[in-house]
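Notes follow the structure.
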Amino acid sequence: MNTTWTTRPETAEDAAAIREINLAAFPTADEADLVDALRADADAWIDGLSLVSRAPDGTLAGHALLTRCHIDGRPALALAPCAVLPAHQRQGAGTAAIRAALAAARAHGESLVVVLGHPEYYPRFGFVPASRFGIRAPFEVPDEALMALALDASVPVPSGVIRYAGAFGL
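Be aware that the sequence shown starts at 2, since it is given in my numbering, and climbs by one per residue.
Okay, structure coming up:
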């Protein structure tokens, strides 16, 4: 199936649909609850960096969220969670939402994104192991699963331990 996905920033009216996407995509409500908690966290939430992908019929099918984190006291972004309705998985809805989120982050003047995820998926967006930059998680994680993407090559990438938003519970 060759679907053309449109993307846009989340609106207030999208919150329930985004929650449903996350509930359908994951085995527990943890990710859906995380999105709600991040949305309520003024220190983590950045307007315009929660992106949705829509199917041609207008159905919201995918979601990618970037929120504020810090590395060695310097601002960065955490990409999490990313979710797609099961009926639309493996059709590009997630890729479209993530590409749109990364483009929005660049447009906002952000310089670094970290993600904890599948090492066979995220390199397609330019992510590399975060250890190459000296970036570490505040918990044990396989080296290949923690990745980083420098959005602006003119800005030095900080090294150190990631401090995630409080909603992550770390």
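Ideal Cβ positions, reconstructed from N, Cα and C, are used throughout, including at glycine.
{"Item": "My guess is that Ala151 and Val158 are in contact by the Cβ rule of under 8 Å, so how many angstroms apart are they, rounded?", "Value": "5 Å"}
{"Item": "Taking the alpha-carbon positions, what's the Pro120 to Ala146 distance?", "Value": "5 Å"}
{"Item": "Between Gly49, Asp48 and His64, which has its C-alpha nearest Arg55's C-alpha?", "Value": "His64"}
{"Item": "To the nearest angstrom, how far is it from the Cα of Arg20 to the Cα of Val53?", "Value": "12 Å"}
{"Item": "Please identify the residue among Pro87, Gly135 and Ala98 whose C-alpha is closest to the C-alpha of Pro28.", "Value": "Pro87"}
{"Item": "Who does Arg107 pair with in a DSSP beta bridge?", "Value": "Note: Arg107 sits in no beta bridge, so no partner."}
{"Item": "Could you tell me how far apart the beta carbons of Leu103 and Thr68 are, in whole angstroms, since I believe they sit closer than 8 Å?", "Value": "Contact doesn't hold; Cβ gap of about 14 Å is too wide."}
{"Item": "For Pro139, tell me which candidate among Thr60, Arg164, Asp48 and Arg100 has the shortest Cα-Cα distance.", "Value": "Arg164"}
{"Item": "In whole angstroms, give me the CA-to-CA distance for Ala26 and Ser155.", "Value": "37 Å"}
{"Item": "Round the Cβ separation of Ile136 and Gly161 to the nearest angstrom and send it over; I've been treating them as touching at under 8 Å.", "Value": "7 Å"}
{"Item": "Among the candidates Asn23, Met148 and Arg9, whose CA atom is the shortest distance from the CA of Arg133?", "Value": "Met148"}
{"Item": "Going along the chain, which residues of its own chain have a beta-carbon closer than 6 Å to the beta-carbon of Ile172, five neighbours each way excluded?", "Value": "Residue 172 lies beyond the residue range present for the chain, which begins at 2 and ends at 171; the question has no answer from this structure."}
{"Item": "Give the single residue among Asp144, Tyr122 and Asp48 whose Cα lies nearest to the Cα of Ile99.", "Value": "Tyr122"}
{"Item": "Using the three-state DSSP reduction, which class does His119 fall into: helix, strand or coil?", "Value": "coil"}
{"Item": "In this structure, how does DSSP classify Arg137 when only helix, strand and coil are distinguished?", "Value": "strand"}
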